[in-house]
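Chains as they are written, first to last, in our numbering: chain D, 304 to 1057; chain L, 304 to 1057.
For every residue, glycine included, the Cβ atom is placed at its ideal position computed from N, Cα and C.
All figures in this text were calculated on a predicted structure; none of them were measured in a lab.
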């Protein structure tokens, strides 16, 4: 008996160390709240390989699966991202139903999932034959749990047992037993299936319940003949095997317990390999949470699991569990506002949780969770089902469900450029993560601050940093692009036009160069910086004093400085990928256009309302500021912030065209002459770059590119070019780049048809 | 007539803009000063493809060829490096003869170069038949010259001619004519062949000369029948073609003029394509300069060339040149201390140079060169041949030649780890450049400060930075290795042992971690820095205060900090390349070992005399300092700098084992158990790294590596591992890494036999 095991652990033990996995089912519905008739979205790729987004029983029943996660927060954050991606991948106007019980539907509305694997389809057909079709549409959430490796090892040492597989099986069997013994507690707190819509059951429940899905009567349960003992692993295995021999179960996985042992297809294998983890299947979808399960629920349940291990084991497991099941049925079928029945003893479990929190010095958050559960025990109206009671109208939750479905759908689509839960990462990385989740490429964030991802499909692993730094570029090429002198030499040697110029390592030599540029338009810039810092442009010849000042500024940024001829024309950014130009962008300085009514200040406010504009590089465009620089710029043009511009009059608020200072992005991919796109791609090719941002200065895009004249110059190649900038533009359709990166990295994915 | 053309150029014209190429011949000799009988060194690879090191007529006659260079300094610097590489590639004890005239030798000593191309061999056999064998062994230097592109363009615009090819031909024909007209001036200044060793000529010269090689009588000259006009390109071409028809010349290249038109095999092609450049073949090897030609000579000759263009063209070219040739012969055969004959008018050329220097405001250096030439005209003893006169003993320069040959050889070999002229670059890059020059891979420095090289063989181009950053590593791998968290995750996931630990982004979280490490030996380190900065090691458990201090130090270096268990053992560096461990290094803290006689200070001085020790990372080891840190370390052990240590007693002067603070490097490649080498290579492979420095902590290298125990931990992977460190070691044989890099990059080179 594994009693008092936790109590003996040192207080600084990381008792919360565990791994978690979540599976959330959900029906796709139409904007009218009817079950969707469409196929599983094709943009989600192949269900044969998709690790995150599957269909459950029926074509319209989504199953969202998180990878194994090191904390409840990580698991829920991943679920949030997968949910976000899924919502944004649905047919227009479809949404995900936010309740476990489906909206009103008939059996013929339900279509068995169109899976490639015929065995999977056959299994579903057999389920229909045994249990009927309608009941398959009930959705829920599964909570997979494993104790952390170090914690388990500490427990094992504490146990002084010899065999860690035996110990593992004992721990998880105790957990399963205890769970069944206290399931009523979970049903009470988290039950959220008070009713079924009209005609769902042949025999509809009389009145409201707390958790139809958790009840034996209305939930998804095995035949009464199926009786499996949890008193020991040996008994469990022999019961399972006996039931299969008897034909009560077709497969082991047909045993629908609220708790499942996991890790092997056949229970008998646990004797040798040990139970890997356990799966709790009792969670109804919480419609008050967009994801169907809140952070507090996840952590409360985690505390609950630990308290099950904290408590002493059952004396007479099978008998105790039998009693507990009856209690659970009673709680499940009670009215949402009914308190727990008298024979339930929540105090035991609450005390265990409180002792545990105290013993391991868990913080106030966990204390609060225990208090919240205590309150819920006293006040049924604070439970999920208690709150849901108020949303019932005409014995239906259809209206409430639809409202919530649309609300959550709206939340997912309002910032299409970002990935829920990962908004602090770089936008391009968020977009690539979105694509990976959508297409079913496995994703792990190796370093969040460093934008470092691991992507894989089967054995094929790709590391990606910043969304565009991959194995497809060789190491020395970005190093060459980071060095303006090297870049220029390579382009020059290949015959591509670049501004003529000279590199200087000291002020003296640079000053001595003055006579040669005294009558020329020039640019003075640091050799290696990449953010426009330290650059001076002289569109008219500079005086020697101004030239010296510009050199000072540039030398402050870098030990080497370039002095180059200034090329007249407009600068365009060409994004090239694997030898092809995928996007062309024009960047315009922050500006407003008058309407004869609004002041410049108001025009800026209006323009800043664009949801694409934000701050801190976490949205595709930045809000226009009205600081000193902008006001000076206005003053130079004879305006102030209160000036009202004539209709159509455009005023620039900045001298530079950076997006980061409120500039506009204009997608010109379709309008740009192919000759320039080809030229940009050739430059990237000569450089050997897979990903490249080519900055070309072009005086007249109506002429075709001609490198012999030349009427186009390359002023810079960028090894870390922004991708999101091309995707969500102030003007123009925008070009999605990250999906192409993903496709180039994983051409073998079934969705790409290769 | 292209007269007064330079005079019309604006004074800020970059008149010195030009490209230069040098070819220097030289005989290999034995330590006794006899002609070498050995084959061309096999380490120099294939003469069929070698761009820098060839054989000229005979097997022992080296020809060193610089690439086209943008300045005389660049050309000479490259010649220096090629010369250095060549000397260091010779058979032990061989050296390069520093005079144009060979040491005493007989015709049978000379073996025609063993070239692969039978046509080349046949051509040489024909030369023997026509001119004899001995005269082929005279060596010289060729100076190739082309006006800079911008300068040429400026001149062309100034000329107001229509056709730039015509103009180009006119310019270079004028240059050739004028050169022949003033060749005596060059012969006077730079002639350095006063005598031939015994029996060299059938008819030996009577007495000393200034420049036997430049004379028609003793030099390498065509038959008198060969008469070629330089009055115009048309005349030149028709004369050449006529001489071939007549059989006076077998090929166009058999016309041995002191100046040659270059760019096409057939002169007639110049009419359409233009003369590319001109080659001046008049330079004797200057034995007072290791390279055979000094910087001052190169620049003086450059001024001379420009002054030829500055002067008005010849009125009667052919007649003038005929007169000039007679004068040249007179100067060439005059005694080394004879002044110029009266009919020579050096003042014309000296005035032209002075006018040019003044017109274009050339700096004091160029003024000085003109003054030096002026002096030389007045004082024949200051010319090269004048100086050489004093070195003649017994009518021979054999002893002087040998002394100089050995002196220059010694200079090349005294710092075998560096490449002459490029000592300010990183050592590993210098070594790779050495290898490229040696094996005949084309080399261009794209950015010297950035250690950025372009290497190529035929169409195959490789960019290399820092000697080890190449196309063979993919971009994301070094980024992953630069991130300790990512590295650890990848190694962990692959099952390789790394120290357990935790990453923190803020002080708070790191402090809260304290209970978990309160009783452990730990390392606190910044996540991304690479130079040992900010690392604290607690071999015994740290107090919370010390832990917090260590965190402060680490957070000062990086926004993320790692706290890891401290692994006991010795750290070894494994250098892996393309899946194979190529070298293993142990680094020991700066130390001295007593001899019972010397003080610690003296022991340090003695140890610092090792030529491998220098300062500033430009030698394989650093000199040991005796600063505050070292003295404190001594004091802690009860010593001071004057203590005399017992024989065999070793004292450490530093707590850290970095080479940069005077540490010793010990090459353990051969002694390290293969299991560790394999493990390091596997780690690099899992990481996907082509080049990798794997740092392993091993408590006992006598045990085999076992990752299950584990008895070995990886503490870091380095994406920019030092290579030179493994090559020149304080102890152990040392492993040459850069040749392997080169071989991996260019496996197709004939020398690698693939």
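Residue(s) in a DSSP beta bridge with residue 688 of chain D = The residue given as residue 688 of chain D occupies position 385 in the first chain. According to DSSP, which records beta bridges pairwise, residue 688 of chain D is partnered with nothing at all.
Going by other Cβ atoms of all chains shown within 10 Å of its Cβ, with 16 needed for buried, is residue 871 of chain D buried or exposed?
-> Residue numbering aside, residue 871 of chain D sits at position 568 when the first chain is read from its first letter. Exposed, because fewer than 16 other Cβ atoms sit within 10 Å of the Cβ of residue 871 of chain D.
Could you give the residue range of the beta strand (DSSP E) that holds residue 330 of chain D?
-> Taking the first chain and counting its residues from 1, the one referred to as residue 330 of chain D is at position 27. Under the DSSP assignment, residue 330 of chain D falls in the beta strand (DSSP E) whose first and last residues are 321-332.
May I ask which residues mark the beginning and end of the beta strand (DSSP E) holding residue 759 of chain L?
-> Mapped onto the second chain, residue 759 of chain L falls at position 456. First-last of the beta strand (DSSP E) with residue 759 of chain L: 755-760.
Put residue 447 of chain L into one of helix, strand or coil per three-state DSSP.
-> The residue given as residue 447 of chain L occupies position 144 in the second chain. Residue state, collapsed to three classes: strand.
Any C-beta of chain L sitting closer than 9 Å to the C-beta of residue 743 of chain D?
-> In the first chain, counting from the first residue as 1, residue 743 of chain D sits at position 440. Output row for residue 743 of chain D: interface = no.
Would the beta-carbon of residue 607 of chain L fall within 9 Å of that of residue 316 of chain L?
-> Here the question's residue 607 of chain L lines up with position 304 in the second chain. Here the question's residue 316 of chain L lines up with position 13 in the second chain. In this structure, residue 316 of chain L does not lie closer than 9 Å to residue 607 of chain L by Cβ.
Classify residue 610 of chain L as buried or exposed, calling it buried when 16 or more other Cβ atoms lie within 10 Å of its own Cβ.
-> Translated into positions along the second chain, residue 610 of chain L becomes position 307. By the C-beta density criterion, residue 610 of chain L is buried, having at least 16 other C-beta atoms within 10 angstroms.
May I have the straight-line CA-CA distance separating residue 1033 of chain D from residue 968 of chain D, to the nearest angstrom?
-> Counting from one through the first chain, the residue named residue 1033 of chain D turns up at place 730. Counting from one through the first chain, the residue named residue 968 of chain D turns up at place 665. The C-alpha of residue 1033 of chain D lies about 5 Å from the C-alpha of residue 968 of chain D.
Count the other CB atoms within 10 Å of the CB of residue 387 of chain L; is the residue buried (16 or more) or exposed (fewer)?
-> Sequence index remark: in the second chain, residue 387 of chain L carries index 84 (1-based). Residue 387 of chain L should be labelled buried.
Cβ-based contacts, 8 Å cut-off: residues of the region 778-793 of chain D near chain L | The region 778-793 of chain D vs chain L, Cβ under 8 Å: 778, 779, 780, 781, 782, 783, 786, 788, 789, 792 and 793.
Which value, in whole angstroms, describes the spacing of the CA atoms of residue 730 of chain L and residue 326 of chain D?
-> Counting from one through the second chain, the residue named residue 730 of chain L turns up at place 427. Counting from one through the first chain, the residue named residue 326 of chain D turns up at place 23. Roughly 57 Å between the two C-alpha positions.
Under 9 Å between the Cβ atoms of residue 573 of chain L and residue 536 of chain L?
-> The residue labelled residue 573 of chain L in the question sits at position 270 within the second chain. The residue labelled residue 536 of chain L in the question sits at position 233 within the second chain. Cβ atoms of residue 573 of chain L and residue 536 of chain L: closer than 9 Å.
Closer than 9 Å to chain D by CB, residue 1061 of chain L | This structure leaves residue 1061 of chain L out entirely; chain L is present only between 304 and 1057.
Under 8 Å Cβ-Cβ, which residues of chain D neighbour residue 752 of chain L?
-> Translated into the one-based positions of the second chain, residue 752 of chain L becomes position 449. The answer, in chain order, is 808, 862 and 863.
Would you grab the beta carbon distance between residue 403 of chain D and residue 496 of chain D for me? Rounded to a whole angstrom, and I think it's under 8 Å.
-> Within the first chain, residue 403 of chain D is the residue found at index 100, counting from 1. Within the first chain, residue 496 of chain D is the residue found at index 193, counting from 1. Right, the Cβ-Cβ distance comes to about 5 Å (below 8 Å), so this counts as a contact.
Please go through the region 417-478 of chain L and give each complete beta strand (DSSP E) segment of 3 or more residues, from N-terminal end onward.
-> Within the region 417-478 of chain L, complete beta strand (DSSP E) segments of at least 3 residues are found at 444-450, given in chain order.
Chain D contact residues for residue 772 of chain L, given Cβ-Cβ distances below 8 Å | The residue given as residue 772 of chain L occupies position 469 in the second chain. Listed along the chain, the chain D residues whose CB falls inside 8 Å of the CB of residue 772 of chain L are 778, 779 and 782.
Interface partners of residue 278 of chain D on chain L, CB under 9 Å | Since the first residue shown for chain D is 304 and the last is 1057, residue 278 of chain D is missing from the structure and cannot be characterised.
Under the DSSP definition of a beta bridge, which residues are partnered with residue 658 of chain D?
-> The sequence position of residue 658 of chain D within the first chain is 355, counting from 1. None, per the DSSP bridge assignment.
Which of helix, strand or coil DSSP assigns to residue 875 of chain D | Here residue 875 of chain D corresponds to residue number 572 of the first chain, with the count starting at 1. In the displayed model, residue 875 of chain D falls within a strand according to three-state DSSP.
Tell me whether the beta-carbon of residue 628 of chain L lies closer than 9 Å to the beta-carbon of residue 483 of chain L.
-> On the second chain, residue 628 of chain L is found 325 positions in, with the first residue counted as 1. On the second chain, residue 483 of chain L is found 180 positions in, with the first residue counted as 1. Taking a C-beta distance under 9 Å as the contact criterion, residue 628 of chain L and residue 483 of chain L qualify as a contact pair.
On the DSSP bridge assignment, give the partners of residue 696 of chain D in chain order.
-> Here the question's residue 696 of chain D lines up with position 393 in the first chain. According to DSSP, residue 696 of chain D bridges with D:699.
In three-state DSSP terms, what is residue 353 of chain L?
-> Taking the first residue of the second chain as position 1, residue 353 of chain L is located at position 50. Secondary structure of residue 353 of chain L (DSSP, three-state): coil.
Contacts of residue 315 of chain D in chain L (Cβ-Cβ under 7 Å) = Indexing the first chain from 1 puts residue 315 of chain D at position 12. Using a Cβ-Cβ cut-off of 7 Å, residue 315 of chain D is close to 818 and 819 of chain L, given in chain order.
For the region 649-662 of chain L, enumerate the residues whose C-beta is nearer than 8 Å to any C-beta of chain C, in chain order.
-> Note that chain C does not occur in the displayed structure, where the protein chains are D and L.
Closer than 9 Å to chain D by CB, residue 799 of chain L = Residue 799 of chain L sits at position 496 when you count from the first residue of the second chain. Chain D contact via Cβ: absent.
Rank L:447, L:546 and L:417 by C-alpha distance to the C-alpha of residue 563 of chain L and give the top, closest one.
-> Taking the second chain and counting its residues from 1, the one referred to as residue 563 of chain L is at position 260. Residue nearest to residue 563 of chain L within the set L:447, L:546 and L:417 is L:447 (criterion: CA-CA distance).
When the distance is taken between beta carbons, is residue 391 of chain L closer than 9 Å to residue 1083 of chain L?
-> Since the displayed chain L opens at 304 and closes at 1057, residue 1083 of chain L lies outside it and no answer follows.
What does a CB cutoff of less than 6 Å around residue 584 of chain D pick up in its chain, not counting 5 residues either side in sequence?
-> Residue 584 of chain D sits at position 281 when you count from the first residue of the first chain. For residue 584 of chain D, where only same-chain residues beyond five positions count, the Cβ hits under 6 Å are 445 and 561.
From D:430, D:735, D:914 and D:877, pick the residue whose C-alpha is nearest to that of residue 525 of chain D; which is it?
-> Counted from its first residue, the first chain places residue 525 of chain D at position 222. Residue D:430 holds the alpha-carbon nearest to the alpha-carbon of residue 525 of chain D among D:430, D:735, D:914 and D:877.
Assuming residue 975 of chain L and residue 1020 of chain L form a contact by the criterion Cβ under 8 Å, report the distance between their Cβ atoms to the nearest whole angstrom.
-> Counted from its first residue, the second chain places residue 975 of chain L at position 672. Counted from its first residue, the second chain places residue 1020 of chain L at position 717. With 8 Å as the limit, residue 975 of chain L and residue 1020 of chain L do not qualify as a contact, their Cβ atoms being about 18 Å apart.
Provide the residue span of the beta strand (DSSP E) that contains residue 265 of chain L, from first to last.
-> For residue 265 of chain L there is no data in the structure shown, the boundaries of chain L being 304 and 1057.
Report the rounded CA-to-CA distance for residue 329 of chain D versus residue 461 of chain D, giving the unit in angstroms.
-> As a first step, residue 329 of chain D is located in the first chain; it is residue number 26 there, counting from the start. As a first step, residue 461 of chain D is located in the first chain; it is residue number 158 there, counting from the start. Going from the Cα of residue 329 of chain D to the Cα of residue 461 of chain D covers about 42 Å.
Residue 346 of chain D to residue 333 of chain D, Cα distance in whole Å?
-> The count along the first chain starts at 1 and reaches residue 346 of chain D at position 43. The count along the first chain starts at 1 and reaches residue 333 of chain D at position 30. Roughly 18 Å separates the two Cα atoms.
Let me know the secondary structure DSSP gives residue 805 of chain D once reduced to three states.
-> Locating residue 805 of chain D in the first chain gives position 502, counting from the first residue. In this structure, residue 805 of chain D counts as strand in the three-state DSSP scheme.
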